[in-house]
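Here's the structure, in structure tokens; my notes come after.
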Amino acid sequence: TIDLIWILNKVLSRELALQTSTNSCANYSSRRASYLFSSRRLGVDESYRAFKYYKRSFRIDEKRVKQLFHSAHDQKFPMVQMSNLDFDVVMGMISRDDVVAMALVDNNVFRRYDEEPELDWDGNYVYEPFLNSFSGHYVLLCGISDEKCHVENAKGDKAGDRDEGNYCIVMKNPGSTQSAEFITPKLFEAAWKAKGTDNDIIFIRSFEERIKK
């Protein structure tokens, strides 16, 4: 995730510099973006050394990742370490029209749900993968929807289950051919809180700013 942060920071800095240099007006409005990275651990969790997903490159990446975090701290990148970011806060953030979020999930949770939808995927369910089965994957959370067809799409076979809630998450999944997917908050929470993800999430906000030269 720290690699994504460096790329995102570079893109946003370059975009701001381009807007400033190409606009000749003394005062103008500019569309800008900012971000906040939240993680349970801003660094390297050495317990992941045993995960097959990380094992092959762990020794090589460890030093590089630590250096990237060190440099990001020095440059005061907007990062915060949260041992347990409240899930309702996440839902509140992505429900805003000006915010999206990139989240690290265990893709095997989504796969297992497809195979075993009858499991009790409640908010307290913590998916503990075998060391050989963790599959890190990034998804984009675009918002929430309370439209009946979207909620029923997310619930699937549990469409009549009131405990599943009355809204769903609108998600773009790079691993899917669909332009957007609809999933229940409980399913996303299980995938996001799975061991191996560190609850990594990047909130990105778009806003208009008045620029004075």
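As numbered in my numbering, the sequence shown has no gaps in its residue numbers, which increase by one up to the final residue, 213. Beta carbons are placed, not taken as given, at the ideal position from N, Cα and C, and that holds for glycine.
- Inter-residue distance for residue 62 and residue 71 is about 14 Å (C-alpha atoms, whole angstroms).
- In terms of Cα proximity to residue 65, the closest of 195, 91, 4 and 9 is 4.
- When the Cα atoms are used, residue 150 and residue 43 turn out to be separated by approximately 37 Å.
- With a cut-off of 8 Å on Cβ pairs, the stretch 104-112 is in contact with the stretch 137-145, counting three or more such pairs.
- Exposure of residue 166 is indicated by the presence of fewer than 16 other C-beta atoms within 10 angstroms of its C-beta.
- The DSSP-derived three-state label of residue 147 is coil.
- Going by beta carbons, residue 37 and residue 202 fall inside the 8 Å limit.
- When rounded, the separation of the alpha-carbon atoms in residue 89 and residue 95 is 10 Å.
- For the 8 Å CB-CB criterion, residue 45 and residue 206 do not form a contact.
- Note on geometry: alpha-carbon atoms of residue 93 and residue 86 lie some 11 Å from one another.
- C-alpha of residue 156 to C-alpha of residue 194: approximately 22 Å in a straight line.
- The alpha carbon of residue 183 has as its nearest neighbour, out of 208, 153 and 2, the alpha carbon of 153.
- Here the alpha carbon of residue 49 sits roughly 13 Å from the alpha carbon of residue 197.
- By DSSP's assignment, residue 181 forms a beta bridge with 171.
- Between residue 39 and residue 81, the C-beta spacing is below 8 Å.
- Inclusion of residue 169 and residue 144 in the CB contact set at 8 Å is warranted, their separation being smaller than that value.
- The beta carbon of residue 7 sits closer than 8 Å to no other beta carbon from its chain once the five residues preceding and following it are set aside.
- When DSSP states are grouped into helix, strand and coil, residue 156 belongs to the helix group.
- Inter-residue distance for residue 146 and residue 185 is about 12 Å (C-alpha atoms, whole angstroms).
- The C-alpha of residue 171 lies about 24 Å from the C-alpha of residue 41.
- For residue 192 against residue 103, the beta-carbon gap comes to about 5 Å, under 8 Å, which counts as contact.
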